Amino acid sequence: MQNIRQQPLAAAGILLLAGFVLCAIFAPLLAPADPAQLNLTNRLLGPSALHWFGTDELGRDTLSRILFGARISMIVAVSVVGLSLSVGLVLGCLAGFYGGWTDTVVNIYVLNAFLALPGILLAIAFVAFLGPGLGNLILALAISGWVGYARLVRAQVMAIKEREFVEAAKALGASDLRVVCRHILPNILQPLIVQAAIGMAGAVLAEATLSFLGLGIPAPAASWGSMLNDARSHLFDSPHLVFFPAMAVMLSVLSFNFIGDALRDYLDPRARLHSGL
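Residue numbers 4 to 280, in this note's numbering, belong to the letters of the sequence shown in order.
As structure tokens, this is what we get:
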């Protein structure tokens, strides 16, 4: 990657993301208490040496819940982007490579039909129909998020398939699958990587939004969005209940955005030439 001293935001993003990943992996070891353990005698305690981030209205340790919430957010981010990218890659390649009626069906009818509906509303409707749960949440966000990847892949494939090396591979008798996998996909990975990094930020924010609305992970599982929803009634008497999960959401989204911006600058040859790297 570019000289890290010239990319301080990238360094901050990598450090933040590494911290969240470590928290997600080692949450059972790092959490000072069971995130679902109730202790009504210690409810609404402020930050202290015993409870660094305080306790919520049921006496649960806020730090422990944030650590386990990182696990849910990271799982959702990776799963949603992976599923959305897979679907978008297949449909985008079909539309861009073959064109004609295939492109018409995928681009004009399917993509425009999904673009006509706001993504978050589509996800809300899907989760409300199937019920809350981690699997349903991931599927709902992927259904509303694959369209952007499909349009990006379609545009990239349409530009690359006219290049000389692709025409040469076809002339040598390479199959369509080989042409796409060996000659087209390696040349469109750069924008997909950048889009995926930024898409993970959107997935974290969308998961927090759905959990805030009560359509995310069911209780007593810890989720940053559900923690914010529970803290609304204690905004003024216990502001730490809002501050810490809100900071977790903000920092995780910033980390993915910083990394996405750094990858965009690094993978763009014009940007590297302009910076002298």
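Ideal placement from N, C-alpha and C gives every residue a C-beta, glycine not left out.
These figures come from a predicted structure and were not determined experimentally.
Nonlocal neighbours in the same chain, by C-beta distance under 6 Å from residue i, ignoring five residues either side
| i | result |
| --- | --- |
| MET250 | none |
| GLY122 | SER147 |
| LEU18 | none |
| GLY134 | none |
| GLY138 | none |
| ALA265 | GLN10 and ALA13 |
Residue i - partner residues in DSSP beta bridges
| i | result |
| --- | --- |
| ASP233 | Paired residue(s): none; ASP233 is not in a bridge. |
| ASP64 | THR58 |
Neighbourhood of residue i by C-beta distance below 7 Å, restricted to the same chain and skipping five residues each side
| i | result |
| --- | --- |
| CYS96 | VAL156, VAL160 and VAL183 |
| HIS186 | PHE168, VAL169 and ALA172 |
| ARG267 | VAL197 |
| LEU238 | VAL245 |
| PRO50 | PHE56, GLY57 and HIS243 |
| MET77 | PHE23, VAL24 and ALA27 |
Cβ pair residue i, residue j closer than 8 Å
| i | j | result |
| --- | --- | --- |
| GLY202 | VAL84 | yes |
| PHE215 | LEU231 | yes |
| LEU140 | VAL130 | yes |
| ALA36 | SER67 | yes |
| ALA15 | VAL207 | no |
| ILE69 | ILE220 | no |
| ILE262 | ALA34 | no |
| LEU48 | HIS54 | yes |
Where the alpha helix (DSSP H) containing residue i begins and where it ends
| i | result |
| --- | --- |
| VAL252 | 243-270 |
| SER214 | 192-215 |
| GLN159 | 137-163 |
| LEU12 | 11-28 |
| ASN288 | No statement about residue 288 is possible, as the shown extent of the chain runs from 4 to 280 and does not include it. |
| ASP106 | 103-106 |
| VAL169 | 167-174 |
| ASN115 | 115-118 |
| VAL130 | 122-133 |
Neighbour-count burial assignment, residue i, 16 or more Cβ in a 10 Å radius
| i | result |
| --- | --- |
| TYR112 | exposed |
| MET253 | exposed |
| LEU276 | Caution applies to LEU276, whose pLDDT of 47 falls short of 50 and renders its modelled position unreliable; the value that the coordinates give is listed next. Counting Cβ neighbours within 10 Å, LEU276 comes out exposed, since fewer than 16 surround it. |
| GLN10 | buried |
| LEU32 | exposed |
| LEU20 | buried |
| LEU120 | exposed |
Cβ neighbours of residue i in the same chain (closer than 8 Å, five flanking residues each side left out)
| i | result |
| --- | --- |
| GLY22 | none |
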